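Structure first, commentary second.
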Amino acid sequence: MELGSLKPVITTVIMPLMFWLSMALMALFIFCIKKEKHQGFQRENTTKNKRGRKYLAAAAMSLLILWLLSCHGTAVLLSRWLLPATTALQPGDIQQLRHNLLAGKPAAIIVLGAGVQSQAAEYDGQPALSPYALERLVYGIHLARQTGLPLGYSGGQGWAQSAPDSPEAKAALRTAQELGVPLRWIDATSRDTRENAVNTAAMLHAENITHVVLVTQAWHMPRAVSAFQKTGLAVTPAPVGFIRPYANFWLEWLPSASGLSTTSTVLREWIGLQVQRFQHPSTATE
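In UniProt numbering, the protein residues as written are 1 to 286.
Printed below as a string of structure tokens:
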């Protein structure tokens, strides 16, 4: 078994929901055990009561932290504090890409995959791209139309998938064709960001292309750029899906499933950046 196959499990365990909920339940469990063990004593034991209150306080603190980590406002703040800033591609950048193409400087637009629904009922059981993947591909198609650059998609099957083929690659091919801009390159074997970079670089270097316009989520862009640069490719970031504050301040600080998901994403990316700093390009993983 490859070490990378454990990544989905490890990531789930260290993310806020699993960690802090486990802390709260553990503290409550210990408190209940202690209370049951000493029930029936008529004389109050001050030390044991203080210890019990500590367990309750630990449970309450864990739940409070989980509350905060479930707020979108926390995700916004953490993204600003922990992740390098990235900016959207500007009209001047698009114009420069068109100019470079006319000047004989080839480049490619590469969209990074982000998961797939293997059997979508609305598509007669065919695979369908996840919301993140579809958002990236639509923007990549937009850039291809704006610049005239060829389009590629890198997204095989992640470490958590077990399908013998790559339903994401099939979904990307079909979606791009339906939207009127077919894919010139498709990487159907990558399992993480490093493999996205390595496999894509091999395809592009074979055609003497050394410059990519990279499309992925804004929070994923710093790590993706680093991985692609390590393969010798020049990278123009073209991020989508920025983490922005809500218009309603109060909604920012009410816990929600989406808030917890966004916070977990930011923390996972920050951990990935720290790991990436200590890894050789040939061994770094997403």
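Cβ coordinates follow ideal geometry from the N, Cα and C atoms, glycine included. Every value quoted in this text rests on a predicted model; they were computed, and no experiment measured them.
- Of the candidates G180, Q126, F228 and A224, F228 places its Cα closest to the Cα of A202.
- Straight-line measurement puts the Cα of H99 at about 44 Å from the Cα of A257.
- C-alpha of S261 to C-alpha of V76: approximately 12 Å in a straight line.
- Pairing L112 with G152 gives a Cβ-Cβ distance that is not under 8 Å.
- Contact between P167 and V116 is confirmed by a C-beta separation of about 5 Å, below the 8 Å threshold.
- By the Cβ criterion, the region 238-245 is in contact with the region 209-224, since at least three pairs of Cβ atoms, one from each stretch, lie closer than 8 Å.
- DSSP places L112 in the strand class (E or B) of the three-state scheme.
- By the 16-neighbour rule on beta-carbons within 10 angstroms, E122 is exposed.
- If the five residues before and after S130 are omitted, its C-beta is found closer than 8 Å to the C-beta atoms of A114, G115, V116 and Q117, all from its own chain and listed in chain order.
- Bridge pairing for V212: A108 and V235 [DSSP].
- With a threshold of 16 other beta carbon atoms within 10 Å, W250 falls short and is exposed.
- Between L137 and I109, the CB-CB gap reaches or exceeds 8 Å.
- Taken in chain order, the complete beta strand (DSSP E) segments of 3 or more residues contained in the region 84-154 are 108-112, 116-120, 126-129 and 151-154.
- Rounded to the nearest whole angstrom, the CA to CA distance from A57 to L64 is 10 Å.
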